[in-house]
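Trainee:
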Amino acid sequence: MAGGFRLMAVHAHPDDESSKGAATMARYLAEGDDVTVVTCTGGERGDVLNPRLVDDPQVKSDLVALRRAEMAKAREVVGFEHVWLGFVDSGLPEGDPLPPLPDGCFALEPLDITVEALVRVIRERRPHVVTTYDENGGYPHPDHIMTHVVTIAAVRAAGDPDAYPHAGAPWQPLKVYYDRTFTRAKLSAYHEALVKDGRDSPYPEWLERRSDRPEGRVTTRVRCDEWFDVRSRALLAHATQIDPDGMFFALDAREQGEAWPTEEWDLALSAVPLTPDEDDLFAGLGSPEQADALATSGAVTMVIDDVAERKEH
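As structure tokens, this is what we get:
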């Protein structure tokens, strides 16, 4: 397509944008579309996942500043615009029973505060399409689940002139997609490519852990293997969060493209019908001008609404 559409990806922490949909974003930027990433928290309570940096003095002294610098590097690699929503990482509670979440964290913030913050950004950036996580957060991190809740509520409110009237002029995003980055089929394809080449695969354990989880629906496959190198470089920009010797890099970008050339998405909310064999997040929207007119018409009806309530496990 000719470009001129606007995409917004809403994520929980810095680095999520690089592991989930970075190649899709890079493709649309290359085609002349606008892409904004919204990061809900600063990742303040994240662990250091790169074993080379666990004892690094700079990491120990100021992880918060370092993660902001990593996010800036990833933004430069991919080329998106970036907005910090400004909330505080909730951490990932562990134990049985789970400990309470820390006071003041994102997952405990009142929804009228978090939703209004995102509504303001939506009305300012005016995305035609929004991407985020499903009702289980992709995985059950409190911030990922909260990101889903806030994103869906903000998308529903953004076009309503009576909702948050001081947060800007109404703007109705026309589609919401959930990312489906780590499907079993994709991980199996990566595993088989490594085995065929006589190399060790890190994927069997991951596949086993996922064997009893329901697989998320996939409605849309965006071919973006040309930008897998961008995705890899964006991931590596988050040096504290990504092990350069880990499973993300068991195959290089070219090999990933040969094994699985698409990124997967699930259309959860839409003002237009799903296109058969959909391969474009902007499919069905016509021209950017037509999409703008619909988004500001005040008469948008969601013909697809598959947003589900979260089921506790």
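As numbered in the numbering used here, the sequence shown has no gaps in its residue numbers, which increase by one up to the final residue, 610. In this text, a Cβ means the ideal position worked out from N, Cα and C, and glycines have one as well.
Tell me whether Ile449 is buried or exposed, calling it buried when 16 or more other Cβ atoms sit within 10 Å of its Cβ.
Mentor: The residue you call residue 449 lines up with position 152 of the sequence shown. It is buried - the Cβ of Ile449 has at least 16 other Cβ atoms within 10 Å.
Trainee: Going straight from the alpha carbon of His441 to that of Thr338, what length do you get?
Mentor: Your numbering for residue 441 matches position 144 in the sequence shown. Your numbering for residue 338 matches position 41 in the sequence shown. Distance between the alpha carbons of His441 and Thr338: 10 angstroms.
Trainee: For Thr411, which residues from the same chain have a beta carbon less than 6 angstroms from its beta carbon, with the 5 sequence-adjacent residues on both sides left out?
Mentor: Taking the sequence shown and counting its residues from 1, one reaches residue 411 at position 114. Around Thr411: Val447.
Trainee: Apart from the five residues on each side of it in sequence, which residues of its chain come closer than 6 angstroms, Cβ to Cβ, to Asp331?
Mentor: In the sequence shown, the residue the question calls residue 331 occupies position 34. Closer than 6 angstroms at Cβ, skipping near neighbours: Arg303.
Trainee: Return the chain-ordered list of same chain residues with a C-beta closer than 6 angstroms to the C-beta of Lys472, the five sequence neighbours on each side being excluded.
Mentor: As a first step, residue 472 must be located in the sequence shown, where it is residue number 175. Val426 and Ser567.
Trainee: Distance check for Met443 and Ala534, CA to CA, integer angstroms please.
Mentor: The residue labelled residue 534 in the question sits at position 237 within the sequence shown. The residue labelled residue 443 in the question sits at position 146 within the sequence shown. The straight-line gap from Cα to Cα measures roughly 25 angstroms.
Trainee: Could you spell out where the alpha helix (DSSP H) holding Asp313 opens and where it closes?
Mentor: Counted from its first residue, the sequence shown places residue 313 at position 16. Asp313 to Ser316 is the extent of the alpha helix (DSSP H) around Asp313.
Trainee: I'd like to check one pair, Arg530 with Val374: are the Cβ atoms closer than 8 angstroms?
Mentor: Within the sequence shown, residue 374 is the residue found at index 77, counting from 1. Within the sequence shown, residue 530 is the residue found at index 233, counting from 1. For Val374 and Arg530, yes; Cβs fall inside 8 angstroms.
Trainee: DSSP three-state label for Leu533, please.
Mentor: For the purposes of this step, residue 533 is taken as the residue at position 236 of the sequence shown. Correct three-state label for Leu533: helix.
Trainee: Under the rule that 16 or more other beta-carbon atoms within 10 Å means buried, what is Glu555, buried or exposed?
Mentor: The residue you call residue 555 lines up with position 258 of the sequence shown. Classification for Glu555: exposed.
Trainee: Anyone know if the C-beta pair for Trp468 and Leu484 falls short of 8 angstroms?
Mentor: For this step, residue 468 is matched to residue 171 along the sequence shown. For this step, residue 484 is matched to residue 187 along the sequence shown. No; because the gap between Cβ atoms is not below 8 angstroms, this pair is not in contact.
Trainee: Where do the N-terminal and C-terminal ends of the beta strand (DSSP E) with Leu471 fall, by residue?
Mentor: For the purposes of this step, residue 471 is taken as the residue at position 174 of the sequence shown. Unbroken run through Leu471: none, as it is neither H nor E.
Trainee: Taking the CB atoms as reference points, tell me whether Asp347 and Asp540 lie closer together than 8 angstroms.
Mentor: Numbered from its first residue, the sequence shown carries residue 347 at position 50. Numbered from its first residue, the sequence shown carries residue 540 at position 243. A small fix is needed here, since residue 347 is Asn in this sequence, not Asp. Closer than 8 angstroms, so yes.
Trainee: Nearest to Ala588 by alpha carbon, out of Gly435, Gly434, Asp602 and Pro470?
Mentor: Counting from one through the sequence shown, the residue named residue 588 turns up at place 291. That would be Pro470, whose Cα lies nearest to the Cα of Ala588.
Trainee: Considering only their Cβ atoms, is the gap separating Ala306 from Trp524 smaller than 8 angstroms?
Mentor: Stepping through the sequence shown from its first residue, residue 524 is reached at position 227. Stepping through the sequence shown from its first residue, residue 306 is reached at position 9. Result no, Cβ atoms of Trp524 and Ala306 do not sit closer than 8 angstroms.
Trainee: Tell me whether His610 is buried or exposed, calling it buried when 16 or more other Cβ atoms sit within 10 Å of its Cβ.
Mentor: Counting from one through the sequence shown, the residue named residue 610 turns up at place 313. The predicted model places His610 with a pLDDT of 41, which falls under 50 and marks its position as unreliable; any figure quoted below should be read in that light. With fewer than 16 other Cβ atoms within 10 Å, it is exposed.
Trainee: Using 10 angstroms around the beta-carbon of Ala590, count the other beta-carbons present and answer buried if the total reaches 16, otherwise exposed.
Mentor: The residue labelled residue 590 in the question sits at position 293 within the sequence shown. The residue in question, Ala590, is exposed, as its Cβ has fewer than 16 Cβ neighbours within 10 Å.
Trainee: Which full runs of the alpha helix (DSSP H) of 4+ residues lie inside the stretch 543-607, going along the chain?
Mentor: 550-556 and 585-592
Trainee: Relative to the C-alpha of Lys357, which residue among Cys521, Gly343 and Ala482 is closest?
Mentor: Locating residue 357 in the sequence shown gives position 60, where the first residue counts as 1. Looking at the Cα atoms, Gly343 is the closest of the given residues.
Trainee: Go to Ala306, then tell me how far its alpha helix (DSSP H) extends in each direction, as first and last residue.
Mentor: Taking the first residue of the sequence shown as position 1, residue 306 is located at position 9. Careful: Ala306 lies outside any alpha helix (DSSP H), inside the beta strand (DSSP E) at Arg303 to His308.
Trainee: Assuming the contact rule is C-beta atoms closer than 8 angstroms, Arg364 and Gly340 should be a hit. Round their C-beta distance to whole Å, please.
Mentor: Numbered from 1 along the sequence shown, position 67 holds the residue referred to as residue 364. Numbered from 1 along the sequence shown, position 43 holds the residue referred to as residue 340. Yes, Arg364 and Gly340 are in contact; Cβ-Cβ is about 5 angstroms, under 8 angstroms.
Trainee: Around the Cβ of Val613, are there at least 16 other Cβ atoms within 10 angstroms (buried) or fewer (exposed)?
Mentor: Residue 613 is absent from the structure shown; the chain starts at 298 and stops at 610.
Trainee: Can Tyr474 and Leu564 be called in contact, C-beta distance under 8 angstroms?
Mentor: Translated into the one-based positions of the sequence shown, residue 474 becomes position 177. Translated into the one-based positions of the sequence shown, residue 564 becomes position 267. Against a cut-off of 8 angstroms, the Cβ pair of Leu564 and Tyr474 comes out as a contact.
Trainee: Sort out for me which residues DSSP pairs His445 with in a bridge.
Mentor: As a working note, residue 445 is residue 148 in the sequence shown. Beta-bridge pairing links His445 to no other residue.
Trainee: Quick check: the stretch 382-398 against the stretch 571-584, are there 3 or more CB pairs under 8 angstroms?
Mentor: No contact exists between the stretch 382-398 and the stretch 571-584.
Trainee: Under three-state DSSP, which class holds Arg423?
Mentor: Stepping through the sequence shown from its first residue, residue 423 is reached at position 126. Coil, per DSSP.
Trainee: Based on the DSSP secondary-structure assignment, which residues constitute the bridge partners of Val332?
Mentor: On the sequence shown, residue 332 is found 35 positions in, with the first residue counted as 1. Paired residue(s): Leu304.
Trainee: Starting from Trp503 and walking both ways along the alpha helix (DSSP H), at which residues does that stretch end?
Mentor: In the sequence shown, residue 503 corresponds to position 206, counting from 1. Counting along the chain, the alpha helix (DSSP H) containing Trp503 begins and ends at Tyr500 to Arg506.
Trainee: Give the DSSP-derived three-state secondary structure of His610 in the structure shown.
Mentor: Here residue 610 corresponds to residue number 313 of the sequence shown, with the count starting at 1. At His610, the pLDDT of 41 sits below 50, so the modelled position is not reliable and the matter cannot be decided from this model.
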